[in-house]
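Quick note on the numbering used here: the sequence shown kicks off at 17 and runs consecutively. Positions of the beta carbon are idealized from the N, C-alpha and C atoms, including for glycine. No experiment lies behind these values; they were computed from the predicted model shown. A quick write-up on the structure given underneath.
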Amino acid sequence: MLWQYVQSLNPETVAQLSKPNPEAVQVMERNIVGMLGSLPPEHFGVTITTSREHLGRLLASAMVSGYFLHTAEQRMAFEKSLQAAIDANSTDS
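The following block contains the structure:
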């Protein structure tokens, strides 16, 4: 059902939904840096070695974080617009 809904959206809507939010990107970057460690690159030559399985888990974790942040962002926008509508109705009365 979700896939049918996504297919029914016009291309402009899909492009808008696919555009990354700079704040969410920063949060995800901090999350990944926290998982990997953060030595300053100007003073250290850091090399990370891992297995395919662990890299897959890191990618999955980053994706879940991204989906969570996107959902939270959508909820925040919905709550703001709902509050604006409530405020507009209360001033009209």
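- In the DSSP assignment, I48 falls within the alpha helix (DSSP H) that extends over P38 to L52.
- Residues S81 of the same chain have their beta carbon placed closer than 6 Å to that of N47, with the five preceding and five following residues left out of the count.
- Residue burial is scored here from C-beta neighbours: M92 has fewer than 16 other C-beta atoms within 10 angstroms and is therefore classed as exposed.
- Rounded to the nearest whole angstrom, the CA to CA distance from A76 to K35 is 20 Å.
- For the options P56, F60, M51 and P57, the alpha carbon positioned closest to that of T66 is the one of M51.
- The beta carbons of M44 and A100 sit about 28 Å from each other, so the pair does not count as a contact at 8 Å.
- One alpha carbon belongs to L98, the other to N26, and they sit about 24 Å apart.
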